[in-house]
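Here the structure is laid out as structure tokens; the discussion comes afterwards.
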Amino acid sequence: MLKKRIIPCLDVDRGRVVKGVRYVDHVDAGDPVEVARLYDEQEADEITFLDITASHERRRILFDVVARTAETVFMPLTVGGGVRSLQDVRDLLNAGADKVSIMTAAVENPDLVGEAAVKIGSANLVVAIDARRVVDPGTRGDARGEPPRFPRSEPKASGEIIQWEVCTHGGRRPTGIDAVAWAKRMAAAGAGEILLTSMDQDGTRKGYDLELVRAVADGVGIPVIASGGGGSAEDLASALDDGPRGGHAQAALAASIFHFRQTTVADVKRRLLELGIAVRPPTR
Numbered sequence: 004m005l006k007k008r009i010i011p012c013l014d015v016d017r018g019r020v021v022k023g024v025r026y027v028d029h030v031d032a033g034d035p036v037e038v039a040r041l042y043d044e045q046e047a048d049e050i051t052f053l054d055i056t057a058s059h060e061r062r063r064i065l066f067d068v069v070a071r072t073a074e075t076v077f078m079p080l081t082v083g084g085g086v087r088s089l090q091d092v093r094d095l096l097n098a099g100a101d102k103v104s105i106m107t108a109a110v111e112n113p114d115l116v117g118e119a120a121v122k123i124g125s126a127n128l129v130v131a132i133d134a135r136r137v138v139d140p141g142t143r144g145d146a147r148g149e150p151p152r153f154p155r156s157e158p159k160a161s162g163e164i165i166q167w168e169v170c171t172h173g174g175r176r177p178t179g180i181d182a183v184a185w186a187k188r189m190a191a192a193g194a195g196e197i198l199l200t201s202m203d204q205d206g207t208r209k210g211y212d213l214e215l216v217r218a219v220a221d222g223v224g225i226p227v228i229a230s231g232g233g234g235s236a237e238d239l240a241s242a243l244d245d246g247p248r249g250g251h252a253q254a255a256l257a258a259s260i261f262h263f264r265q266t267t268v269a270d271v272k273r274r275l276l277e278l279g280i281a282v283r284p285p286t287r
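Residue 79 in this note's numbering sits at position 76 of the sequence shown, and the numbers go up by one each step.
So, in structure tokens, the structure goes:
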């Protein structure tokens, strides 16, 4: 049986790890190199490094910080944020990334995913999706009750009902694209994994959006990493559970509970094993 993975996430802004709630009110959580070293010691299965303002600021990712982080850890490192071209993908791999995550550029140029998959292989390519629940699909308002405000990057098909909308540029720009349909398209294009974040749950520690995670996981034939809302080992177990009420994810990403010392990766793994979730057990 394929082991489920626990993945701490480093949201990096101006060279520092930060964490907020629903993508706002960020607080400092430390130096990325030191935080990554801590999670390596705790035997995380992988680590994800996201430069969360690179796309919004239209700049390249902080390659020096990526390189220093890669030198520190011995677990697989996924890096994303500001990836706009095949050259960016190559540069990140040269800086030490094991996998590259693409989000905003995939929406702006969907062909980039297929081109990158050919160049580096699907196993090294992650497509990240930030999704916000549409409260009333009939009016197309978003989860905060705001009126429709979708740019026309991809026209809505006649009669299409969007339950979760893809947002780009660090969650700042809604697109009018259905998240489940987009995940299927990106899987078909050559993505090796989907990193799926619920913007509504992000940073709340109230649990993952299991309905969203399950809809995407059941709709694609590639692993889905559940992100947004993990507040306890039980929350991660629910996202990873393959039962009818579980999220069916292959991996769970979390930040707040690890950054602020609520628990450790090793403790979460021990609890997951007690709950019957197949994870790689900690050795210490």
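In this text, a Cβ means the ideal position worked out from N, Cα and C, and glycines have one as well.
Quick caveat, the model's predicted, so the values are computed rather than measured.
Inset, instruction - Count the other CB atoms, across all protein chains shown, that sit within 10 Å of the CB of ALA90; report buried if there are 16 or more and exposed otherwise. - result: As a first step, residue 90 is located in the sequence shown; it is residue number 87 there, counting from the start. Before going further, note that residue 90 is Gln rather than Ala in the sequence given. With fewer than 16 Cβ atoms within 10 Å of its Cβ, GLN90 is classed as exposed.
Legend entry - Beta-carbon spacing of VAL116, VAL130 below 8 Å: The residue you call residue 116 lines up with position 113 of the sequence shown. The residue you call residue 130 lines up with position 127 of the sequence shown. Taking 8 Å as the Cβ cut-off, VAL116 and VAL130 qualify as a contacting pair.
Inset, instruction - Please report how far the alpha carbon of ARG83 lies from the alpha carbon of GLY173, in whole angstroms. - result: For this step, residue 83 is matched to residue 80 along the sequence shown. For this step, residue 173 is matched to residue 170 along the sequence shown. Correcting the residue type first, residue 83 is Gly in the shown sequence and not Arg. C-alpha separation (whole angstroms): 11 Å.
Inset, instruction - Could you please give the first and the last residue of the uninterrupted beta strand (DSSP E) stretch that includes PRO11? - result: Numbered from 1 along the sequence shown, position 8 holds the residue referred to as residue 11. Taken as a continuous stretch (DSSP letters only), the beta strand (DSSP E) holding PRO11 covers 8–16.
Inset, instruction - Leaving aside the five residues before and after ARG274 along the sequence, list all residues of the same chain whose C-beta is less than 7 Å from its C-beta, in chain order. - result: Walking along the sequence shown from the start, residue 274 turns up at place 271. Around ARG274: ALA236.
Legend entry - Helix, strand or coil at VAL129 according to DSSP, with G and I counted as helix: Residue mapping note: residue 129 aligns to position 126 of the sequence shown, counting from 1. Strand.
Legend entry - Beta carbon of ALA218 nearer than 8 Å to that of ALA229: Working through the sequence shown from its first residue, we reach residue 218 at position 215. Working through the sequence shown from its first residue, we reach residue 229 at position 226. No; because the gap between Cβ atoms is not below 8 Å, this pair is not in contact.
Inset, instruction - Give, in chain order, every unbroken run of the alpha helix (DSSP H) that is at least 4 residues long and sits entirely within the region 57–107. - result: 66–75 and 89–98
Inset, instruction - Determine the burial state of ALA73: buried for a count of at least 16 other Cβ atoms within 10 Å of its Cβ, exposed for fewer. - result: One-based indexing of the sequence shown puts residue 73 at position 70. Flag for ALA73 reads buried.
Legend entry - Secondary structure of ALA257, DSSP reduced to three states: Position 254 of the sequence shown, counting from 1, holds the residue named residue 257. ALA257: strand per DSSP, three-state reduction.
Legend entry - Expected contact under 8 Å - CB spacing of VAL313 and ILE197 to nearest Å: Since the displayed the chain opens at 4 and closes at 287, residue 313 lies outside it and no answer follows.
Legend entry - Spatial distance of VAL183 from GLY222 (CA atoms): By one-based count along the sequence shown, residue 183 stands at place 180. By one-based count along the sequence shown, residue 222 stands at place 219. Whole-angstrom Cα-Cα distance: 7 Å.
Legend entry - Buried versus exposed, by CB contacts within 10 Å (16 or more), LYS122: On the sequence shown, residue 122 is found 119 positions in, with the first residue counted as 1. Classification of LYS122: exposed, given that the 10 Å Cβ count is below 16.
Inset, instruction - Could you spell out the range, first to last residue, of the alpha helix (DSSP H) harbouring GLY222? - result: Your numbering for residue 222 matches position 219 in the sequence shown. Segment 213–222, the alpha helix (DSSP H) holding GLY222.
Inset, instruction - Would you tell me roughly how many angstroms separate the C-alpha atoms of GLY141 and ARG135, rounded to the nearest one? - result: As a working note, residue 141 is residue 138 in the sequence shown. As a working note, residue 135 is residue 132 in the sequence shown. Low confidence applies to GLY141: its pLDDT is 49, below 50, so where it sits in the model is not reliable, and the reading given next is rough at best. So the two alpha carbons sit approximately 15 Å from each other.
Inset, instruction - Would you please state the rounded distance, in angstroms, between the beta carbons of VAL38 and ALA32? I believe it to be under 8 Å. - result: Against the sequence shown, residue 38 aligns to sequence position 35. Against the sequence shown, residue 32 aligns to sequence position 29. VAL38 to ALA32, Cβ: 7 Å. Contact.
Inset, instruction - Flag this pair as yes or no: are the beta carbons of VAL68 and GLY124 separated by less than 8 Å? - result: For the purposes of this step, residue 68 is identified with residue 65 of the sequence shown, where counting begins at 1. For the purposes of this step, residue 124 is identified with residue 121 of the sequence shown, where counting begins at 1. Cβ distance not < 8 Å, so VAL68 and GLY124 don't count as in contact.
Inset, instruction - Return yes when the Cβ of VAL86 is within less than 8 Å of the Cβ of ALA108, no when it is not. - result: What you label residue 108 is simply residue 105 of the sequence shown in a count that begins at 1. What you label residue 86 is simply residue 83 of the sequence shown in a count that begins at 1. Result yes, Cβ atoms of ALA108 and VAL86 sit closer than 8 Å.
Inset, instruction - Quick one: measure Cβ to Cβ for GLY179 and LEU213, integer angstroms, because I've assumed they're closer than 8 Å. - result: The residue labelled residue 179 in the question sits at position 176 within the sequence shown. The residue labelled residue 213 in the question sits at position 210 within the sequence shown. The Cβ separation is near 24 Å, so there is no contact.
Inset, instruction - Return the bridge partner residues of LEU243 from the DSSP annotation. - result: The residue you call residue 243 lines up with position 240 of the sequence shown. Its beta-bridge partners do not exist; DSSP assigns none.
Inset, instruction - Have a look at LYS6 and ASP270 and give me their C-alpha separation to the nearest angstrom. - result: In the sequence shown, counting from the first residue as 1, residue 6 sits at position 3. In the sequence shown, counting from the first residue as 1, residue 270 sits at position 267. Those two C-alpha atoms are separated by around 17 Å.
Inset, instruction - May I have a chain-ordered list of the alpha helix (DSSP H) segments no shorter than 4 residues that lie completely inside the region 171–212? - result: 182–192
Legend entry - Enclosing beta strand (DSSP E) for LEU53 [first to last residue]: By one-based count along the sequence shown, residue 53 stands at place 50. Note, LEU53: beta strand (DSSP E), 50–54.
Legend entry - Local conformation of ILE228 per DSSP, three classes: One-based indexing of the sequence shown puts residue 228 at position 225. DSSP places ILE228 in strand when its eight states are reduced to three.
Legend entry - Cut-off 6 Å between Cβ atoms - residues of its own chain near ASP133, not counting five sequence neighbours on either side: Taking the sequence shown and counting its residues from 1, the one referred to as residue 133 is at position 130. Closer than 6 Å at the Cβ level, and outside the excluded window around ASP133, lie CYS170, GLY174, THR200 and MET202.
Inset, instruction - Give the secondary structure of GLY117 by DSSP, where H, G and I count as helix, E and B as strand, and everything else as coil. - result: If you number the sequence shown from 1, residue 117 lands on position 114. Reduced to three states, the DSSP call for GLY117 is helix.
Inset, instruction - Within its chain, find whatever has a CB closer than 8 Å to the CB of GLU118; leave out the 5 residues flanking it on each side and keep chain order. - result: Position 115 of the sequence shown, counted from the first residue, corresponds to residue 118. Closer than 8 Å at Cβ, skipping near neighbours: LEU89.
Legend entry - Beta-carbon gap between VAL268 and PRO11 smaller than 8 Å: Looking up residue 268 in the sequence shown gives position 265. Looking up residue 11 in the sequence shown gives position 8. Contact: yes.
Inset, instruction - Confirm, please, whether the CB-CB distance from ALA240 to LEU215 is below 8 Å. - result: Taking the first residue of the sequence shown as 1, we reach residue 215 at position 212. Taking the first residue of the sequence shown as 1, we reach residue 240 at position 237. It is not a contact, given that the beta carbons lie outside the stated cut-off.
Inset, instruction - Check ILE165 in the structure and name its three-state DSSP category. - result: In the sequence shown, counting from the first residue as 1, residue 165 sits at position 162. Reduced to three states, the DSSP call for ILE165 is coil.
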